[in-house]
Amino acid sequence: MSQTRAIRRETDGLSSYDRALCGASLWLWEWRSNGAMWCSDSFQQVVGAIDQSDGGDEYPFSGLLHPLDGIRVKEAVQLCRESGAPFDMQFRLRVCYGEYRWFRANGAAFASPEGDSWAVAGAIKDITDFKIESEAIREREKLFLKRQRSQAIDCLAAGVAHEFNNLLQAVHGYTSFAMRNLPPQSEPYQDLVQALSATDKAAELTRRLLEFSRAEEQPPHTVDIHAALTVLIELVKPLKTDYVDLKVEFCDTALVTHGDETALRQVLLNLCINARDALQGIDGGTVAISLRVDHVHEPPMVAIEVRDDGCGMDEATLRRLGEPFFTTKPPGEGTGLGLATAFATIRSLGGQIRCESKRGEGSSITVLLPVLDFGEERAPVVEAGGPRPESERGRVLIIDDERLVPSALVKALRRRGFEVDEAGDGSEGLARVEAVEGDYQVVLLDLSMPGISGERVLERLKQDHPSLPVVILSGFVEDPAKVAAADAVLNKPLTTRALVATLDRVLGASSSPG
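In the numbering used here, the protein residues as written are 317 to 830.
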């Protein structure tokens, strides 16, 4: 029988006044200086019988209070008596159903006319439901603030990445120009090859970090597991320290699944960080990441295991893994949402998470995902048109607020037969297109610019000049839907070869009949 039904049954014989108080979960109490305790009869039906004789208790509710609350109540009563300050406390009492519930007691100190005795009297209310709801609200507020901070970091990362990619584009372009004037076997040429390689790695790292910072979910698509894990390994390499070793074991089988690659990597990164944290205080621990085909299931599944030989977990902890807000980390160090999110994400991908652990022997968490056939998902890429002769290459407008980037692109395109104009922002770019209507064969457009945004410029161009091809140049496209009207999207930094090939394809498509 529920507590509510039990209380209703046990209040049938009470007075109207007592029933009204009980219905509001409000009762009266008095604690006298001789230690005697008095409470409403209806309250005793909630917490059990209270000895109301002269008992000599040190503080009110002494036989019912939670062990951690007794000293606080005693000190509050003493302060109420000595200073006359109102008594107002929240504490836990053991009720007759065996559990502890939260109560709020208000009261004041009263002295007898003779002054030889005193009492603290007032009202007490069950606030358990209020405490539960308040805690839920606080958790939601914390989660909301965390999301706001995350969004602020996302915006900062996107802005920094945009500027960083512009610099990388300029470095990449001018390095390529310098290499043209050097013999391929010369030492300076080989040094510049290394510089180009470093630029490419920096651009890839920027792209990965931006992908991890994105809050939006991506539409499901095919995911090459080997490729996704290769990116993950680069991100978790810093976990390898003097006291943590990192081991990687991948099977040779080509494995493809269906889902959101960014979300999957976030799940696995979280598991790797948890494995690292389990090794704190252990000298010579290991985090192992393995990939295999699990033939126990029919059909077989992709199995990605993250294993550590750290502190491990007991059965009680294992049973609660995946519960929202459950964490074994100290306050302030864990939200209890990481694994809960991981379980939800993997379930949404049609997979499951399997956990094994023993206290003192480490843990193993395996992500199981459905396997797709490569052949069913891959389709040949059909290029529209072919390479255009330099004599047929047309007039290009570059709209970009970063001066270094257009300078490098202008130099590269002019060397390959394009006529190139520049605009420093969206307004200037739109004005140039209007001034020489029909003369531009293609527009190269940056997205992040002051004034009119790149997305708005794209919208205007496609509205007023629907046949004019537009190629987006950006370090990272946050929302692909906003640039869906573009004829092509290229990520900065880009090679001259990739840019020219894209322009040839776009121009070929725009000049094709039909």
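The beta carbon of each residue, even a glycine, is placed where N, CA and C say it ideally should be. These numbers were taken from a predicted model, which means no experiment stands behind them.
Counting other Cβ atoms within 10 Å of its Cβ, HIS488 reaches 16 or more and is therefore classed as buried. A contact is defined here as three or more CB-CB pairs under 8 Å, and the region 539-550 fails this definition with respect to the region 627-635.
For GLY667 and SER673, the gap between their C-alpha atoms comes out near 20 Å. Within the same chain, Cβ atoms closer than 7 Å to the Cβ of GLY628 are found at SER673, LYS674, ARG675, GLY676, GLU677, GLY678 and SER679, the five residues on either side in sequence being excluded. The C-beta of VAL752 has fewer than 16 other C-beta atoms within 10 Å across all chains shown, which makes the residue exposed. Scanning THR573, VAL572 and LEU580 for the CA closest to the CA of LEU548 turns up LEU580. Counting along the chain, ALA544 sits inside the alpha helix (DSSP H) bounded by residues 541-552. Going by DSSP, THR578 is part of the alpha helix (DSSP H) stretching over 577-593. When DSSP states are grouped into helix, strand and coil, LEU607 belongs to the strand group. If you check the CB distance, VAL618 and VAL687 come in under 8 Å.
For ILE387, the enclosing alpha helix (DSSP H) covers residues 386-399. The Cβ neighbour count for GLY601, taken over all protein chains shown within 10 Å, is at least 16; the residue is labelled buried.
TRP345 is positioned such that its CB atom lies closer than 8 Å to that of PRO376. Per DSSP, reduced to three states, the secondary structure at TYR416 is strand. With contact defined as three or more Cβ pairs closer than 8 Å, the region 411-431 and the region 350-366 are in contact. In this chain, the beta strand (DSSP E) harbouring ASP762 covers 758-762. Annotated three-state conformation of GLN501 is coil, per DSSP. Taking C-beta separations shorter than 7 Å and ignoring five residues to either side along the sequence, the partners of ALA392 in its chain run PHE403 and MET405, following chain order.
In the three-state reduction of the DSSP assignment, CYS471 falls in the helix class, which pools H, G and I. Setting aside the 5 residues that flank it on each side, ALA604 is surrounded in the same chain by LYS563 and ARG623, each with a C-beta closer than 6 Å to its C-beta; the list follows chain order. Non-local C-beta neighbours of GLY740 in its own chain, meaning closer than 7 Å and more than five positions away in sequence, comprise ASP717, ordered along the chain. Within a 10 Å sphere around the beta-carbon of PRO809 sit 16 or more other beta-carbons, which makes this residue buried. Between the C-alpha atoms of ALA486 and ALA660 there is a straight-line separation of about 42 Å. ALA800: not part of any alpha helix (DSSP H); DSSP gives it neither H nor E. For ASP404, the pairing in a beta bridge is given by DSSP as ASN422. VAL805 places its beta carbon 8 Å or farther from that of VAL758. Its chain contains THR491 as the residues whose beta carbon lies nearer than 6 Å to that of ALA511, once the 5 sequence neighbours on both sides are disregarded; these appear in chain order. LEU777 is positioned such that its CB atom lies closer than 8 Å to that of LEU784. In chain order, VAL787, ALA804 and LEU806 place their CB closer than 7 Å to the CB of THR818, counting only its own chain and leaving out the 5 sequence neighbours on each side. Sorting ILE669, LEU472 and TRP347 by C-alpha distance to the C-alpha of CYS396 places TRP347 at the top. Around the Cβ of ASP762, a 10 Å sphere holds 16 or more other Cβ atoms; the residue is buried. Apart from the 5 residues on each side of it in sequence, ALA401 sits with its Cβ closer than 7 Å to the Cβ of LEU395 in its chain, given in chain order. A straight-line Cα-Cα distance of about 32 Å links ASP516 and LEU685. Contact check for GLU771 against VAL726 fails: the beta carbons are separated by 8 Å or more. Here the alpha carbons of ARG465 and ARG408 stand approximately 35 Å from one another.
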